Amino acid sequence: MSAIHIHQLQKIYKIHEREAGLGAAVRSLVKRKTRDVRAVDGICFDVAPGEIVGFLGPNGAGKTTTLKMLSGLLHPTGGEVDVLGHTPWQRDKEFLRQITLVMGQRNQLVWDIPAIDSYELHRVIYHIPLDEYQCTLDELVDLLDLKPLIHKPVRNLSLGERMKCEIAGALLHRPQVLFLDEPTIGLDVTAQRRIREFVAEYNRRHKATVLLTSHYMADVEALCQRVIVIHHGKLLFDGDLADLMRRFSAYKTIVVDLAPGATAGRGAGALRPYGEVVNYTDGQAALRVAKKEAAAITSRLLADFPIHDLTIQDPPIEEVIEQVFNAG
Amino acid sequence: MSYLRIIWIYFRLGILSELEYRANFFVQLLESLLGLAVALGGLAVVFNHTDTLGGWLPEHLLVLVGIHIHVGGIINMVISPSMQRFMEDVRKGTLDFTIIKPADSQLLVSVQRVEIWKLVDVVLGLVVMVVGMVRLRAAIGWGETAVFLLAMFCGAAIVYSFYLILSTFSFWFVKVENILVIFQSMYQAGRWPVGIYPDWLRFTLTFLVPIAFAVTVPAEGLTGQLTPQTLWLAVGIAAMMLISSRTFWKIGIKYYSGASA
Numbered sequence: 021m022s023a024i025h026i027h028q029l030q031k032i033y034k035i036h037e038r039e040a041g042l043g044a045a046v047r048s049l050v051k052r053k054t055r056d057v058r059a060v061d062g063i064c065f066d067v068a069p070g071e072i073v074g075f076l077g078p079n080g081a082g083k084t085t086t087l088k089m090l091s092g093l094l095h096p097t098g099g100e101v102d103v104l105g106h107t108p109w110q111r112d113k114e115f116l117r118q119i120t121l122v123m124g125q126r127n128q129l130v131w132d133i134p135a136i137d138s139y140e141l142h143r144v145i146y147h148i149p150l151d152e153y154q155c156t157l158d159e160l161v162d163l164l165d166l167k168p169l170i171h172k173p174v175r176n177l178s179l180g181e182r183m184k185c186e187i188a189g190a191l192l193h194r195p196q197v198l199f200l201d202e203p204t205i206g207l208d209v210t211a212q213r214r215i216r217e218f219v220a221e222y223n224r225r226h227k228a229t230v231l232l233t234s235h236y237m238a239d240v241e242a243l244c245q246r247v248i249v250i251h252h253g254k255l256l257f258d259g260d261l262a263d264l265m266r267r268f269s270a271y272k273t274i275v276v277d278l279a280p281g282a283t284a285g286r287g288a289g290a291l292r293p294y295g296e297v298v299n300y301t302d303g304q305a306a307l308r309v310a311k312k313e314a315a316a317i318t319s320r321l322l323a324d325f326p327i328h329d330l331t332i333q334d335p336p337i338e339e340v341i342e343q344v345f346n347a348g
Numbered sequence: 474m475s476y477l478r479i480i481w482i483y484f485r486l487g488i489l490s491e492l493e494y495r496a497n498f499f500v501q502l503l504e505s506l507l508g509l510a511v512a513l514g515g516l517a518v519v520f521n522h523t524d525t526l527g528g529w530l531p532e533h534l535l536v537l538v539g540i541h542i543h544v545g546g547i548i549n550m551v552i553s554p555s556m557q558r559f560m561e562d563v564r565k566g567t568l569d570f571t572i573i574k575p576a577d578s579q580l581l582v583s584v585q586r587v588e589i590w591k592l593v594d595v596v597l598g599l600v601v602m603v604v605g606m607v608r609l610r611a612a613i614g615w616g617e618t619a620v621f622l623l624a625m626f627c628g629a630a631i632v633y634s635f636y637l638i639l640s641t642f643s644f645w646f647v648k649v650e651n652i653l654v655i656f657q658s659m660y661q662a663g664r665w666p667v668g669i670y671p672d673w674l675r676f677t678l679t680f681l682v683p684i685a686f687a688v689t690v691p692a693e694g695l696t697g698q699l700t701p702q703t704l705w706l707a708v709g710i711a712a713m714m715l716i717s718s719r720t721f722w723k724i725g726i727k728y729y730s731g732a733s734a
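These protein sequences, in sequence, are chains X and W. Numbered per the numbering used here, the first sequence spans residues 21 to 348. Numbered per the numbering used here, the second sequence spans residues 474 to 734.
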């Protein structure tokens, strides 16, 4: 039994279109031309309970639209969608109590008062019994280090602190399915890591299903074994992150630490025949080579130069993802 | 029951938010007293020239002014700020957070913002109303009280529904704040009994922008001038408005989630 099941999911927006200029603007008051935009175009996937899945795609790929359909905010144009046995857009209360949506760019805590008072509203709306609420709150405060934060007015918190409070607020009803839309956007590296660790821990403890979108590949790498890549509303890849890297990374980077005098004064020039020199400083060089030639080139380098150290690196995951988009 | 708890919790948040800015309380107090002074000044000017105004004695009008301030206080405390917040939420996309909550979205939207210092007007209006009644030396029985409360309830329901209908348009047009401004300025006309206005304006204030039901009708109820027909008309319109605003809200929500497209 999947926690999330979608089949041939489709969302078509009607966009009003008009040409530039005042005349066209006036004409469009009476007669509007519309154009169909296929934001999500026949996506299928299943997510098992307790799984964390990274949902990737460039801006405008249809990620947020899909998340909104999964959380019941948007009515699909076509296809099936099922979350925890419910049809999301019917928005029955039983369903809404089991999910949560965190949007990194939007917040819901009341600006002028401490987060703890906003949580009270959440408790009443979700009918959380007082003892259960206290227990959950204690756990979240502990995991996210909120103790010094929840009694300060939200407007006095930093962006990272506020996001931590937002996330805690979104989890007070112990949802089983978490839709996290860019939860770390705009945060510094430490705050990002903190939230990442929290999501992992929360998932481990409560076996919650998590669907995460992020532009920070570090988030995806740390949390998601499985990734789903969409572009122009279509599914490009669904599988292991490691598999994605294998299939789409076209090259590797060989970093060599040369012994003094190894290039006989020719510098980077001496290495050019072996691959593209992307970096050369003080006897350390980074070479970009085609993936299938990496092993052969490595052995030639080791034979031709006195080398202190050599490492073979995968390209940054961002670049691989870009490769996937281009392929699609 | 849970509806009342939700309303209470929003009041609590409103109190907590406003306590952060204490100066607002004094500003509001000043504003309210100035508003009262202007209203009473207006009465004094009019009754310098005449003894009755369209059949209303000065004391009657004092009651009316009290109700006007009281009802205006309620509107400005809960309804107006909540609806403005709602329109802002539509524009910024934060309405999603409201729709995804397991509670009635219309209720959440309608009470989500409470500007608690407007309570000054609510209380002040009551005081003026009581003063007017005492000066009338009218014996108010249970009958008048019941009629008055019923008329107030209907008036509140009508004004609330009216606000909700206007605000719901923002699902389609996104920017409709200006519509609410129209209501605010029309409300100023409610300081006088609608009977004194020319027919077209009376009609407007009764049926198009239903301020008559919120102010004049309850005041008539309290001062014993209300005819049963008007009362039943108010009840009927209130029921109709509540139902149609609810229906319209549901259509709006459906449109927002793209179910109707």
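Virtual Cβ for every residue (Gly too), placed ideally from N, Cα, C. Here the structure is a predicted model, which means the values were calculated and not measured.
Per-residue burial, residue i [other beta carbons within 10 Å of its own, 16 or more giving buried]
{"i": "X/E39", "result": "exposed"}
{"i": "X/L164", "result": "buried"}
{"i": "W/P683", "result": "buried"}
{"i": "W/E490", "result": "At residue 490 of chain W the sequence reads Ser, which differs from the Glu that was named. Under this definition W/S490 is a buried residue."}
{"i": "W/M713", "result": "exposed"}
{"i": "W/F635", "result": "buried"}
{"i": "X/C64", "result": "exposed"}
{"i": "X/A316", "result": "exposed"}
{"i": "X/I72", "result": "buried"}
{"i": "X/T54", "result": "exposed"}
{"i": "W/G709", "result": "exposed"}
{"i": "X/G124", "result": "buried"}
{"i": "W/M556", "result": "buried"}
{"i": "W/T618", "result": "exposed"}
{"i": "X/P326", "result": "exposed"}
{"i": "W/N651", "result": "exposed"}
{"i": "X/F268", "result": "buried"}
{"i": "X/H251", "result": "buried"}
{"i": "W/W615", "result": "exposed"}
{"i": "X/H193", "result": "buried"}
{"i": "W/F676", "result": "exposed"}
{"i": "W/P666", "result": "buried"}
{"i": "X/N176", "result": "exposed"}
{"i": "W/K723", "result": "exposed"}
{"i": "W/A496", "result": "exposed"}
{"i": "X/K88", "result": "buried"}
Whole-Å CB distance - residue i paired with residue j, under 8 angstroms assumed
{"i": "X/Q212", "j": "X/A238", "result": "7 angstroms"}
{"i": "X/E241", "j": "X/L261", "result": "7 angstroms"}
{"i": "X/G99", "j": "X/Q30", "result": "5 angstroms"}
{"i": "W/E532", "j": "W/R608", "result": "5 angstroms"}
{"i": "W/L745", "j": "W/I542", "result": "The requested residue 745 of chain W does not occur in the structure, where chain W is confined to residues 474 to 734."}
{"i": "W/V536", "j": "W/A662", "result": "The pair is not a contact, with the Cβ atoms about 18 angstroms apart (cut-off 8 angstroms)."}
{"i": "X/A228", "j": "X/P203", "result": "In fact, because the Cβ distance is near 14 angstroms, the residues do not count as touching under 8 angstroms."}
Cα-Cα separation between residue i and residue j, rounded to whole angstroms
{"i": "X/R143", "j": "W/T571", "result": "14 angstroms"}
{"i": "X/K184", "j": "W/I479", "result": "25 angstroms"}
{"i": "X/G295", "j": "X/L169", "result": "52 angstroms"}
{"i": "X/R320", "j": "X/Y271", "result": "17 angstroms"}
{"i": "X/I145", "j": "W/V544", "result": "28 angstroms"}
{"i": "W/A734", "j": "W/Y728", "result": "Residue confidence is low: W/A734 scores 44 on pLDDT, short of 50, so the model does not pin down where it sits. No coordinate-derived value is stated."}
{"i": "X/I337", "j": "W/R485", "result": "48 angstroms"}
{"i": "X/R111", "j": "W/W590", "result": "36 angstroms"}
{"i": "W/L516", "j": "W/G539", "result": "12 angstroms"}
{"i": "W/I631", "j": "W/V620", "result": "16 angstroms"}
{"i": "X/M119", "j": "W/I547", "result": "For the sequence presented, residue 119 of chain X should be read as Ile rather than Met. Taking the straight line joining both Cα atoms gives about 35 angstroms."}
{"i": "W/Y483", "j": "W/R664", "result": "29 angstroms"}
{"i": "W/T689", "j": "W/G628", "result": "9 angstroms"}
{"i": "X/L264", "j": "X/Q245", "result": "11 angstroms"}
Beta carbons nearer than 8 angstroms to chain W: which residues of the stretch 168-181 of chain X have them? P173
Using 8 angstroms as the Cβ pair cut-off and three pairs as the minimum, do the stretch 299-318 of chain X and the stretch 272-290 of chain X touch? yes
Residues, ordered as in the chain, of the stretch 506-521 of chain W that lie near chain X by beta-carbon distance below 9 angstroms: none
Residues within the stretch 135-163 of chain X neighbouring chain W, beta-carbon criterion of under 8 angstroms: D137, S138, E140, L141, V144, I145, Y146, H147
Report yes or no: do the stretch 637-647 of chain W and the stretch 663-674 of chain W share at least 3 C-beta pairs separated by less than 8 angstroms? no
Do the stretch 131-139 of chain X and the stretch 101-118 of chain X touch if we need at least three Cβ pairs shorter than 8 angstroms? no
Scan the stretch 108-135 of chain X for residues whose Cβ lies nearer than 7 angstroms to a Cβ of chain W and list them as they occur along the chain. W109, K113, L116, R117, L121, R126, Q128, V130, D132, I133
Looking at chain X, which residues of the stretch 707-729 of chain W have a Cβ within less than 7 angstroms of any of its Cβ atoms? none
Can at least three beta-carbon pairs, one atom from the stretch 692-710 of chain W and one from the stretch 71-91 of chain X, be found at a separation below 8 angstroms? no
Would you call the stretch 571-587 of chain W in contact with the stretch 510-529 of chain W, where contact means no fewer than 3 C-beta pairs closer than 8 angstroms? no
Would you list, in chain order, the members of the stretch 555-572 of chain W that have their beta-carbon closer than 8 angstroms to a beta-carbon of chain X? K565, G566, T567, D569, F570, I572
Note down, in chain order, all residues in the stretch 90-105 of chain X with a beta-carbon under 9 angstroms from any beta-carbon belonging to chain W. S91, G92, L93, L94, H95, P96, T97
Could you list the residues in the stretch 575-592 of chain W with a C-beta less than 8 angstroms from some C-beta on chain X, going in chain order? P575, A576, L581
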